[in-house]
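Below: the structure, in structure tokens.
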Amino acid sequence: MSFSVEDLRKELPNGKMAEFQEVMRQQLEISMHRELEKLLSTATGTEAEVSKKDFAGFKELFHRFLQAKGPSVDWAKIHRPPEDSIQPYDRIKSRGLPDSVADSLNRLVVVKLNGGLGTSMGCKGPKSLISVRNENTFLDLTVQQIEHLNKTYNTDVPLVLMNSFNTDEDTKKILQKYTHHRVKIHTFNQSRYPRVNKESLLPVATDLAMTGENGDVWYPPGHGDIYASFYNSGLLAQLIAEGKEYMFMSNIDNLGATVDLNILNHLMNQPNGKRCEFVMEVTDKTRADVKGGTLIQYEGKLRLLEIAQVPKAHVDEFKSVTKFKIFNTNNLWISLPAIMRLQEQSSMELEIIVNPKTIDGGVNVLQLETAVGAAIKSFDHALGINVPRSRFLPVKTTSDLLLVMSNLYSLEAGSLTMSKKREFPTTPHVKLGSSFTKVQEYLTRFESIPDMLELDHLTVSGDVTFGKQVSLKGTVIIIANHGDRIDIPAGAMLENKIVSGNLRILDH
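For the sequence shown, the residue numbers in numbering that gives the first Met the number 0 are 0 to 507.
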């Protein structure tokens, strides 16, 4: 007899049905454990040890997945967070900095999530190795930022990269170029979990190999895995032994996520004497951020609410900019000893995100993931800090890349700051069409990046190229119809213009 996830989610009309479903759950867990043992039997030496730890985490996640009955939150219990649980950044900043900034920095570790590939932008290999500014990659800029801190304050802030099996090898090769920089760099790997067949709820993998037919049957289980994998690697204990107390963690593609000395000072010198173990940087929602997770008060605890947890009837309410005014930037400051304590007690329970995928051969699979911010409810005296939008500058698409490569930003010591010549604090809204999706193609379409200091909105669709020293102002819309091509000539200035049809610049 085979069971599907739908069988487990059916309403329970009577006790007999509940009993039957419990038997199903037990059978599925026994079958899963048997399959995982088979997979482990194909490993040797170190690989077997690492996989054993990974599978222990997966078993626990799979067990909780089978137990889940409907949404993980009761909408009626959701309340706005108390006033003092989300502090405005200006209040944190107004405390000023002490003379002992170096003391605080010496107790800090910077952690970057480096498990992602650049496939959504048409690149092979780790996303962190894409050039984003003056030939500098995400990783180059990160190293420059931390090196600048260490030189300025004569400190030893290390960089820790959480890699995945997708990015580890390529990243380690690149790290050799930073040998003479004043930054100690550590790495550890995210867990490797098996994708599960949606019908049988059993692993698709037949052995632990990562190549050939097994190329896409494994996955890194989301950034919530950082707690277990950091702990399992032994690096967490090592850093605590070296006197490190907090980590500042962010996505490596968020170019606004630099070490903020005011937030660090607030953590190290708590005004009320209570040790804050977890700070989430949030920022004001715009209509572009309606799907971002938000902070709520739930059963007396500060908690992260993600759109995946919201009952369908309340999704529009969740997206409301008036009711839920802030969203999570995924810039987090977390106590290292607190992570150690919660891991040793096995008392960190993160909501499961079920991510359906279709792999080669058309097989429908599920991957069970968790989000790092969901752990906020497990830490003592957690706090949200409402930071300026400038601390959230993710580069997810080539439209984002155009912004950070332009003269809207100046680059100093690895940090991007909005140009003082820009009259508005917000960035323009840029939407590049499918001809620009891949980085290589995007780069061939710009002879140089346009002047965008006075731009409000840019939409480009179709086969469009830009000559050198183009200037864009106000609202500019450029649409090349199918089969047509538009070449914006060198030195052109477009202000509040719509360009459509066919415009070719020919050599003569």
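The beta-carbon is built from N, C-alpha and C at its ideal position, and this holds for glycine as well.
From a predicted model like this one, the values you see are computed outputs, not experimental measurements.
Where the alpha helix (DSSP H) through residue i begins and ends
{"i": "residue 90", "result": "88-92"}
{"i": "residue 120", "result": "No alpha helix (DSSP H) holds residue 120; DSSP gives it neither H nor E."}
{"i": "residue 338", "result": "335-344"}
{"i": "residue 151", "result": "137-152"}
{"i": "residue 65", "result": "44-66"}
{"i": "residue 103", "result": "100-104"}
Which listed residue (the options) has its alpha carbon closest to that of residue i
{"i": "residue 72", "options": "288, 306, 274", "result": "306"}
{"i": "residue 501", "options": "322, 491, 485, 360", "result": "485"}
{"i": "residue 479", "options": "463, 469, 197", "result": "463"}
{"i": "residue 139", "options": "111, 152, 153, 165", "result": "111"}
{"i": "residue 98", "options": "380, 152, 53", "result": "152"}
{"i": "residue 351", "options": "54, 65, 290, 22", "result": "65"}
{"i": "residue 146", "options": "296, 179, 129", "result": "179"}
{"i": "residue 386", "options": "92, 77, 319", "result": "92"}
{"i": "residue 59", "options": "186, 127, 346", "result": "346"}
{"i": "residue 21", "options": "63, 38, 318, 42", "result": "63"}
{"i": "residue 103", "options": "177, 325, 149, 121", "result": "149"}
{"i": "residue 286", "options": "319, 303, 474", "result": "319"}
{"i": "residue 487", "options": "449, 481, 474", "result": "449"}
{"i": "residue 183", "options": "143, 163, 426, 195", "result": "143"}
{"i": "residue 322", "options": "303, 295, 441", "result": "295"}
{"i": "residue 237", "options": "176, 271, 417, 185", "result": "185"}
{"i": "residue 81", "options": "298, 24, 272, 233", "result": "298"}
{"i": "residue 291", "options": "315, 130, 96", "result": "315"}
{"i": "residue 483", "options": "499, 476, 468, 475", "result": "499"}
{"i": "residue 74", "options": "313, 84, 263, 95", "result": "313"}
{"i": "residue 308", "options": "349, 339, 324, 272", "result": "349"}
{"i": "residue 174", "options": "201, 141, 344, 197", "result": "141"}
{"i": "residue 203", "options": "234, 45, 77, 362", "result": "362"}
{"i": "residue 95", "options": "337, 265, 239, 67", "result": "265"}
{"i": "residue 134", "options": "410, 489, 465", "result": "410"}
Sub-7 Å separation of residue i and residue j beta-carbons
{"i": "residue 191", "j": "residue 217", "result": "yes"}
{"i": "residue 246", "j": "residue 333", "result": "yes"}
{"i": "residue 494", "j": "residue 472", "result": "yes"}
{"i": "residue 330", "j": "residue 280", "result": "yes"}
{"i": "residue 277", "j": "residue 378", "result": "yes"}
{"i": "residue 260", "j": "residue 100", "result": "yes"}
{"i": "residue 293", "j": "residue 414", "result": "no"}
{"i": "residue 122", "j": "residue 438", "result": "yes"}
{"i": "residue 394", "j": "residue 283", "result": "no"}
{"i": "residue 389", "j": "residue 255", "result": "yes"}
{"i": "residue 288", "j": "residue 326", "result": "yes"}
{"i": "residue 166", "j": "residue 125", "result": "yes"}
{"i": "residue 384", "j": "residue 301", "result": "no"}
{"i": "residue 424", "j": "residue 455", "result": "no"}
{"i": "residue 129", "j": "residue 115", "result": "no"}
{"i": "residue 303", "j": "residue 27", "result": "no"}
{"i": "residue 337", "j": "residue 56", "result": "no"}
{"i": "residue 467", "j": "residue 365", "result": "no"}
Start and end residues, beta strand (DSSP E) containing residue i
{"i": "residue 398", "result": "Unbroken run through residue 398 is the alpha helix (DSSP H), 397-404; no beta strand (DSSP E)."}
{"i": "residue 171", "result": "Looking at the DSSP string, residue 171 is not in any beta strand (DSSP E); the run it does join, the alpha helix (DSSP H), is 167-174."}
{"i": "residue 417", "result": "414-417"}
{"i": "residue 408", "result": "408-411"}
{"i": "residue 519", "result": "Here the chain covers residues 0 to 507 and nothing more, so residue 519 does not appear."}
{"i": "residue 355", "result": "352-358"}
{"i": "residue 368", "result": "362-368"}
{"i": "residue 115", "result": "Per DSSP, residue 115 belongs to no beta strand (DSSP E) and is neither H nor E."}
{"i": "residue 133", "result": "Neither: residue 133 is in no beta strand (DSSP E) and is coded neither H nor E."}
{"i": "residue 162", "result": "158-162"}
{"i": "residue 385", "result": "382-385"}
The ligand COA heavy atom lying under 6 Å from the CB of residue i
{"i": "residue 380", "result": "The model on display carries no ligand, and the ligand COA is accordingly not part of it."}
Residue ranges of each alpha helix (DSSP H) within the stretch 420-495, 4 or longer: Fully enclosed alpha helix (DSSP H) runs of no fewer than 4 residues occupy 438-443 of the stretch 420-495, in order along the chain.
Whole alpha helix (DSSP H) elements within the stretch 202-278, 4-residue minimum: 225-232, 234-240, 260-267
Whole runs of the beta strand (DSSP E) within the stretch 281-325, excluding any shorter than 3 residues: 293-297, 300-304
The stretch 222-236 in contact with the stretch 360-375 per 3-pair CB rule at 8 Å: yes
Touch test, the stretch 105-119 against the stretch 156-163, Cβ-Cβ under 8 Å, three pairs minimum: Proximity of the stretch 105-119 to the stretch 156-163 meets the contact definition, three or more beta-carbon pairs being nearer than 8 Å.
Three or more C-beta pairs below 8 Å linking the stretch 26-37 and the stretch 164-179: The answer is no - the stretch 164-179 does not touch the stretch 26-37, with fewer than three Cβ pairs under 8 Å.
Three CB pairs or more closer than 8 Å across the stretch 427-441 and the stretch 452-462: Touching, yes.
Segment contact flag, the stretch 354-361 with the stretch 403-420, C-beta cutoff 8 Å, min 3 pairs: no
Contact between the stretch 37-56 and the stretch 195-208 (3+ Cβ pairs under 8 Å): yes
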